[in-house]
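Worksheet: one structure, shown below.
Numbering (the numbering used here), first residue to last: 414 to 610.
Below, the structure written as structure tokens:
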């Protein structure tokens, strides 16, 4: 979807990129499509958060340990009256793809402090690579792999995909990587995206 094909916010009528659109439940039923700014204003009004600062954060560019550059966009949204969610993510086209990070705070937290903590988390993640190239194939470089579980929207059924080092890896390809450790034991620990891996 190009920028001239974007949906419009039903509150401010401004074009919305897909990664910035939120379907907000309307009082009479149904949903309204809102941009993050309008969504936050609605939630702040609903919960009486008069001091909430609805900040729009500009994208930043960071370089990983292999020297590859990554452009991160931010979305800050209220989750009810007692939680503030700050996401950092890469995009491809109009959709989130690649690395994603999350920090949870309170609506009255200083946004720049929360952003600073999120950037530190991003730097730690970008400072290591869990995959290595072996010719044209990827392999697990050590005995630890950190990533995010996603899904293949184009594939059949509910096929999972994992995102490791900001790369989307099919379930089959990830399985092939694991065969190098045949006979070994493993521990799979699933943690919330806001927690440290």
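Beta carbons: idealized from backbone N, C-alpha and C, even for Gly.
Would you mind reading off the limits of the alpha helix (DSSP H) that contains residue i?
| i | result |
| --- | --- |
| residue 591 | 584 to 591 |
| residue 529 | 524 to 539 |
| residue 454 | 449 to 459 |
Please check the pair residue i and residue j, which I expect to be a contact at CB under 8 Å, by giving their CB distance rounded to whole angstroms.
| i | j | result |
| --- | --- | --- |
| residue 504 | residue 510 | 6 Å |
| residue 507 | residue 430 | 5 Å |
| residue 446 | residue 420 | 6 Å |
| residue 513 | residue 500 | 7 Å |
| residue 610 | residue 552 | Contact flag wrong, Cβ pair sits at about 20 Å. |
| residue 497 | residue 520 | 5 Å |
| residue 565 | residue 574 | 5 Å |
| residue 590 | residue 561 | So it is not a contact: roughly 16 Å between Cβ atoms. |
How should residue i be labelled, buried or exposed, when 16 other C-beta atoms within 10 angstroms of its C-beta is the threshold for buried?
| i | result |
| --- | --- |
| residue 463 | exposed |
| residue 528 | buried |
| residue 414 | Note that residue 414 has pLDDT 36, beneath the 50 cutoff, so the model's placement of it is unreliable and the number below is only indicative. Exposed, since its Cβ has fewer than 16 Cβ neighbours within 10 Å. |
| residue 433 | buried |
| residue 435 | buried |
For the beta strand (DSSP E) containing residue i, list its first residue and its last residue.
| i | result |
| --- | --- |
| residue 505 | 497 to 505 |
| residue 514 | 508 to 518 |
| residue 564 | 561 to 564 |
| residue 546 | 544 to 547 |
| residue 482 | 482 to 491 |
| residue 550 | 550 to 553 |
| residue 438 | 434 to 438 |
| residue 473 | 473 to 476 |
| residue 577 | 573 to 577 |
I'd like to know whether the C-beta atoms of residue i and residue j end up nearer to each other than 9 Å.
| i | j | result |
| --- | --- | --- |
| residue 490 | residue 532 | no |
| residue 485 | residue 502 | yes |
| residue 472 | residue 487 | yes |
| residue 494 | residue 441 | no |
| residue 614 | residue 596 | Missing from the structure shown is residue 614; the chain here goes from 414 to 610 and no further. |
| residue 554 | residue 572 | no |
| residue 524 | residue 468 | yes |
| residue 594 | residue 556 | yes |
Taking 8 Å as the line, does the beta carbon of residue i fall inside it for any heavy atom of the ligand HEM?
| i | result |
| --- | --- |
| residue 544 | The model depicted lacks the ligand HEM and carries no ligand whatsoever. |
Just to confirm my understanding: we take residue i, look at its own chain, exclude 5 residues before and 5 after, and list those with CB closer than 8 Å. What are they?
| i | result |
| --- | --- |
| residue 416 | Unreliable placement is indicated for residue 416, whose pLDDT of 40 sits below 50; the coordinate value is still reported in the next sentence. Hits under 8 Å: 428, 430. |
| residue 483 | 474, 475, 476, 477, 503, 511, 512, 539, 579 |
| residue 530 | 516 |
Given residue i, which residues of its chain have a CB within under 6 Å of its CB, disregarding the five upstream and five downstream residues?
| i | result |
| --- | --- |
| residue 422 | 429, 447, 448, 451 |
| residue 492 | 498 |
| residue 470 | 487 |
With a threshold of 7 Å on Cβ separation, who are the neighbours of residue i within its own chain once the five nearest residues in sequence on each side are excluded?
| i | result |
| --- | --- |
| residue 479 | 542 |
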